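Peer 1: Here the sequence shown is numbered in my numbering, starting from 3 and rising by one per residue.
Questions regarding the structure given below will be posed in turn.
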Amino acid sequence: MAAKRDRLAAQMREAVTAGEWTAVGPSTIRWTLSGRPTPDWVTSRQWPAPTFDAHVFLTLIGSKVIMRVDRVPWVASRDSDVSMNRAFEVLANPAELLA
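Following this line, the structure appears as structure tokens:
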């Protein structure tokens with residue numbers, strides 16, 4: 003388990019170094035999909051801008067991985083525990099979560 007955790011931590015650092023993800027804390031990284039068009043049915047009270055950004059967060063704490071997906075800014079997101087195997091998949095292809 004420790005070897006897998008170390009490998010995930012290394013790949014998270016590499017993703018930040020490569021500019022694919024952004025470090026937002028000591029153990030959290032963020033992937034951003036910018037400029038998504040705001041749907042017509044969303045009122046200006048919910049979101050006043052013509053576009054929005056969607057985000058995927060991965061946090062590695064000990065041997066635990068927490069994932070957060072912010073698909074749209076006008077709906078609350080939730081954290082979920084994911085396996086390390088799933089974290090490797092998300093790290094390689096975060097856009098699949100926002101499709």
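The C-beta atom is built at its ideal place from N, Cα and C for all residues, glycine as well.
Predicted, not measured: the structure shown is a model, and the values here were computed from it.
#1: Which residue or residues does DSSP assign as beta-bridge partners of methionine 69?
#2: Tell me whether the region 46-55 and the region 84-96 touch, counting them as touching only if at least three CB pairs, one residue from each stretch, are closer than 8 Å.
#3: Return helix, strand or coil for arginine 47, following the three-state DSSP convention.
#4: Per DSSP, what kind of secondary structure is aspartate 42 in: helix, strand or coil?
#5: In or out: tryptophan 33 buried (at least 16 other Cβ within 10 Å) or exposed?
#6: Taking all protein chains shown into account, decide if proline 96 is buried (16 or more other Cβ within 10 angstroms of its Cβ) or exposed.
Peer 2: The structure says:
#1: For methionine 69, DSSP records a beta bridge to Leu60, Ser82.
#2: no
#3: Three-state result, arginine 47: coil.
#4: Correct three-state label for aspartate 42: coil.
#5: Tryptophan 33 should be labelled buried.
#6: buried
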